[in-house]
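S.K.: Structure incoming, see below.
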Amino acid sequence: MLTSKFLTSSRKKSRHQGGFTLIEVAVVIGVVAILSSALLAYSRQNNRQIQLISSAIRLENIISRAQFLSLQSYFGSESVCAQGVRIDGPNQEVFIYEVGERQGIDGCLNGTDREIVKNRLLFEKYTYVKNNDNRLEGGTNTLSFKSGEIELKPSDDVVDIVFVPPLPVVVINGDVSSAPVEVGVSATFQDGDGETEWDIPLTINKEGKIDVNLRGK
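Taking numbering that gives the first Met the number 0, the leading residue of the sequence shown gets 0, the next gets one more, and so forth.
Here's what the structure looks like:
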């Protein structure tokens, strides 16, 4: 009798401790799938944010590099009058270019206050001329947004920022006295409410100061 009760009790414990039921397994798999998809979505969004911030920093660096190169050009070749940055919205690209001598300008303007007063209107010619100016190539001189993941968003379709040494004088779209111009980068994120756009603006003023708002807007 005792042996029979012991065997019966052992079978009950064995059935109870033998593993999960089919329903329990299905619930666990469902929970794991939900958590995995949420983690994947978060990872993608986090990666896009890193890409956006990195693109804004690279855009700032390429503008700063043009400023630095303008000082080099002042002590270098006489055929290079200035250094410019073209921010091309329709083509989603940014590149540095060497500004060559312009027709109607006797040599290069040297960027002093006297030259600005004397030749103010001549600075209007200081925008990118494809067949006259030398576009620089290479990773430090160009930036492409053609992949579509990050969008280049200048305030105008095309923005030309030219640095005329030695000050340098900043010529924005051919205007010495221009108000600050805004360029920037943008990305779209998926969230619970749909799509959210995050912009990181960069502002360049007529003194050449660059302000970057990495917090976005």
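C-beta atoms are modelled at their ideal positions from N, C-alpha and C, and glycine is treated no differently.
Please confirm whether valine 84 and valine 163 have their CB atoms less than 9 Å apart.
M.R.: Numbered from its first residue, the sequence shown carries residue 84 at position 85. Numbered from its first residue, the sequence shown carries residue 163 at position 164. Taking 9 Å as the Cβ cut-off, valine 84 and valine 163 do not qualify as a contacting pair.
S.K.: Excluding the 5 residues preceding and the 5 following aspartate 210 in the sequence, name in chain order all residues of the same chain whose CB lies nearer than 6 Å to its CB.
M.R.: Taking the first residue of the sequence shown as position 1, residue 210 is located at position 211. The residues are Thr202.
S.K.: Can valine 93 and serine 143 be called in contact, C-beta distance under 9 Å?
M.R.: The residue given as residue 93 occupies position 94 in the sequence shown. The residue given as residue 143 occupies position 144 in the sequence shown. Yes, the pair counts as a contact, with Cβ atoms nearer than the cut-off.
S.K.: Can you list the beta strand (DSSP E) stretches of 3 or more residues lying completely in the segment 55 to 108, in chain order?
M.R.: Taking only runs of at least 3 residues, the beta strand (DSSP E) segments lying wholly in the segment 55 to 108 are 79 to 87, 92 to 99.
S.K.: State the DSSP-derived secondary structure class of serine 53, mapped to helix, strand or coil.
M.R.: Within the sequence shown, the letter at position 54 stands for residue 53. Residue state, collapsed to three classes: helix.
S.K.: With a threshold of 8 Å, are at least 3 pairs of Cβ atoms found where one atom belongs to the segment 122 to 138 and the other to the segment 156 to 170?
M.R.: Segments in contact, yes.
S.K.: With DSSP collapsed to three states, give me the class of leucine 135.
M.R.: Within the sequence shown, residue 135 is the residue found at index 136, counting from 1. Residue state, collapsed to three classes: coil.
S.K.: Would DSSP call phenylalanine 144 helix, strand or coil?
M.R.: Here the question's residue 144 lines up with position 145 in the sequence shown. The answer is coil: DSSP assigns phenylalanine 144 none of H, G, I, E or B.
S.K.: Report back the beta-carbon spacing between valine 158 and isoleucine 62 to the nearest angstrom; my notes put them in contact at under 8 Å.
M.R.: Here residue 158 corresponds to residue number 159 of the sequence shown, with the count starting at 1. Here residue 62 corresponds to residue number 63 of the sequence shown, with the count starting at 1. With 8 Å as the limit, valine 158 and isoleucine 62 do not qualify as a contact, their Cβ atoms being about 10 Å apart.
S.K.: Quick check: the Cα distance between lysine 129 and tyrosine 96, rounded to an integer number of angstroms?
M.R.: Position 130 of the sequence shown, counted from the start, is the residue given in the question as residue 129. Position 97 of the sequence shown, counted from the start, is the residue given in the question as residue 96. Rounded to the nearest angstrom, the two C-alpha atoms are 9 Å apart.
S.K.: Out of Asn60, Ser72, Arg47, Asn131, which has the shortest C-alpha to C-alpha gap to aspartate 198?
M.R.: As a position in the sequence shown, residue 198 is number 199, starting the count at 1. Ranking the options by Cα distance to aspartate 198, first place goes to Arg47.
S.K.: With a threshold of 7 Å on Cβ separation, who are the neighbours of threonine 139 within its own chain once the five nearest residues in sequence on each side are excluded?
M.R.: Here residue 139 is taken as the residue at index 140 of the sequence shown, counted from 1. Counting only Cβ-Cβ distances below 7 Å, and skipping sequence neighbours, we find Arg64.
S.K.: Valine 175 and proline 200 - do their beta-carbons sit closer together than 9 Å?
M.R.: Here the question's residue 200 lines up with position 201 in the sequence shown. Here the question's residue 175 lines up with position 176 in the sequence shown. Not closer than 9 Å, so no.
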